[in-house]
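Its first residue numbered 13, the sequence shown is counted upward by one per residue in this note's numbering.
Below is one structure; the comments refer to it alone.
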Amino acid sequence: MTTVFMTGATGYVGSKAAAELVEKGYNVRALTHSDKGAEKLTQQGITAVKGDLEDNALLTTEAKNADAVLHLGMGVTEHYNTFEGISDLDSQNIHAFGDGVKGTTKPVIVTHGTASMMPGQFFTENDHADAGFPSRSPRLSEVAARELLADGINAYVVRLAPSVHGEGDDDHGFIPQLVTESQKQGYVINYNGGENRWTAVNVLDAGHLYVLALEYALNGDDNDKKLHFFNANDEEQLKMRVVVKKISDGLNIPVKEEHADPEKLDFSHQLFAMDIPASSKLTRETLKWTPTHDDLLTDMARYFK
C-alpha cells in the first residue's frame, strides 16, 4: 500500500484530497497539532501524526518513511505569525521534506498560487511564479520547490487560483470577503472598469487535482520530461466586472466605480484590482484533469441566500 504523508489534511482543500486518497486505498498519514484534528483524521481512516510545522525534524522523518508527500499546510504557529514569517517557515518545511526524500524518486508536491506573480500576462505552467519575486508576494514555496528540483529532488507545485470556492469558503475566501464587505458598506467597488481578469476553481476540483498530480508523480521514471508545475484553475480569465455585477445583483446594491493603482491598495483589494489570468491547458492535458463542479459565477448564488 502506498503511504502518503500530508500537511493541511484537515484544511479546506487538503481535506478533499485526503478523503479521495483514502477512498482510493492509499495509506494516509497527516500532521495535526490538535486533539480535535487528530480525532477528525482518525474518523476518516487517516493516521494522525501529532506535531506542528515548526518541527522540521518530524517532517523529514515522515517524508523518509512515506512514498510521497503532499504539502498543503501553511499557517500561524507559535513563533511564526506574520505572512513573511509563515512563508519562511513554509520554505523550511519544503526543504525538510527534500532532506527526507533525497536520493530517491519519491515526489514532494507543494502548494503555491497563480495570483500576483505575473500581472497582465497569461500565466502558464511553464512560467516562473517567482518572476519579480519577492516584490509582489513574500511566499517562497515555489522558489523552494525549484531549489529542490535543482538538487535532483522530484518536486512538484500545484498553483491554486486566487478564488478557491465551494461549500465551507464563507469565512476565508477572497470573493466571500468581498461580498461581506460590500454588504456592510452598501456598495461594491469596481476598480478601473473591471476589465482585469481573475481565475477560479471549485474546491472539489482542486482537491482532485492534487490526487491526479500525486498519481502522475508516482508513475514513470523520466522526470526530466515531466511537467512539474500545475495551474489549478477552471475559469482562466474571468473579468472582475462580471463578478462585481453578480454581487451587485445578488445584494441589490449599487456598483461604485473607482480608479486606483493596485500597488497602492491593501493586499486583498490589490488582488481585486489586478489583472491575473492564468492558463491550465497543460495541466488539463497532462493530468487528464477536467473540472466538473460549479464554476464561480454559478456557485456565488450561495452567498446571497
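From the three backbone atoms N, C-alpha and C, an ideal C-beta is built for every residue, glycine too.
Extent of the continuous beta strand (DSSP E) run through residue i
| i | result |
| --- | --- |
| Lys62 | 59-62 |
| Val170 | 167-172 |
| Val176 | 175-177 |
| Val122 | 120-125 |
| Met333 | Nothing can be reported for residue 333: it is not among the residues displayed for the chain, which extend from 13 to 317. |
| His9 | Outside the displayed range of the chain (13 to 317) lies residue 9, so it cannot be described from this structure. |
| Leu250 | 247-251 |
| Val223 | Segment 215-230 is the alpha helix (DSSP H) holding Val223; no beta strand (DSSP E) there. |
Cα-Cα separation between residue i and residue j, rounded to whole angstroms
| i | j | result |
| --- | --- | --- |
| Pro303 | Gly185 | 19 Å |
| Tyr203 | Ile288 | 14 Å |
| Thr73 | Asp67 | 10 Å |
| Ala78 | Val254 | 45 Å |
| Val16 | Val200 | 43 Å |
| Asn231 | Leu263 | 48 Å |
| Ile58 | Arg209 | 39 Å |
| Gly144 | Met13 | Residue placement at Gly144 cannot be trusted, given a pLDDT of 45 that sits under 50; the coordinates are not used to answer. |
| Pro146 | Glu269 | Low per-residue confidence applies at Pro146: pLDDT is 49, beneath 50, and the placement is therefore not dependable enough to give any value. |
| Pro2 | Ser280 | Residue 2 lies beyond the stretch modelled for the chain, which goes from 13 to 317, so this question has no answer here. |
| Asp111 | Ala156 | 12 Å |
| Lys114 | Ile165 | 6 Å |
| His305 | Glu297 | 18 Å |
| His45 | Leu216 | 25 Å |
| His3 | Thr136 | Any answer about residue 3 is impossible in this case: the structure gives the chain only from 13 up to 317. |
| Ala80 | Arg41 | 10 Å |
| Asp139 | Glu248 | 15 Å |
| Lys317 | Ala75 | 44 Å |
| Val191 | Leu277 | 18 Å |
| Ile206 | Met252 | As written in the sequence, residue 206 is Gly, which differs from the Ile given in the question. The straight-line gap from Cα to Cα measures roughly 5 Å. |
| Arg151 | Pro119 | 21 Å |
| Asp47 | Glu193 | 34 Å |
| Gln56 | Val25 | 15 Å |
| Pro188 | Tyr315 | 7 Å |
| Ala272 | Val61 | 47 Å |
| Glu179 | Leu101 | 29 Å |
| Leu160 | Leu309 | 38 Å |
| Thr116 | His107 | 15 Å |
| Gly63 | Asp183 | 25 Å |
Proximity of residue i and residue j at Cβ, strictly below 8 Å
| i | j | result |
| --- | --- | --- |
| Val169 | His124 | yes |
| Leu10 | Ala212 | For residue 10 there is no data in the structure shown, the boundaries of the chain being 13 and 317. |
| Leu65 | Asn105 | yes |
| Gly49 | Thr22 | yes |
| Tyr222 | Leu299 | no |
| Leu239 | Leu294 | yes |
| Leu226 | Ile121 | yes |
| Asp311 | Asn214 | yes |
| Ser27 | Ser103 | no |
| Gly85 | Leu53 | no |
| Ser291 | Phe134 | yes |
Range of the contiguous alpha helix (DSSP H) that encloses residue i
| i | result |
| --- | --- |
| Leu296 | Going by the sequence as given, residue 296 is Arg instead of Leu. It spans 293-299 - the alpha helix (DSSP H) in which Arg296 sits, taken as one unbroken run. |
| Glu269 | No alpha helix (DSSP H) holds Glu269; the beta strand (DSSP E) holding it covers 267-270. |
| Arg159 | Inspection of the sequence shows that residue 159 is occupied by Glu rather than by Arg. Residues 153-162. |
| Asn68 | 68-77 |
| Asp309 | For clarity, residue 309 is Leu in the given sequence; the question names Asp instead. Looking at the DSSP string, the run of the alpha helix (DSSP H) that includes Leu309 is 308-311. |
Residues bridged to residue i (per DSSP)
| i | result |
| --- | --- |
| Phe95 | Phe95 pairs with nothing; no bridge assigned. |
| Ile333 | Only positions 13 to 317 of the chain appear in this structure, which leaves residue 333 out of reach. |
| Ile201 | Lys268 |
| Asn39 | Thr15 |
| Leu44 | Contrary to the premise, residue 44 reads as Thr rather than Leu in this sequence. DSSP, once it has assigned bridges, lists Lys62 as partnering Thr44. |
| Asn243 | Arg171 |
| Ala212 | Ser175, Glu247 |
| Phe135 | Ala290 |
### Query
For the region 178-198 against the region 263-276, are there 3 or more C-beta pairs whose distance is under 8 Å?
yes
### Message
Across the region 24-42 and the region 128-136, are there enough close Cβ pairs to call them in contact, namely three or more that are closer than 8 Å?
### Response
no
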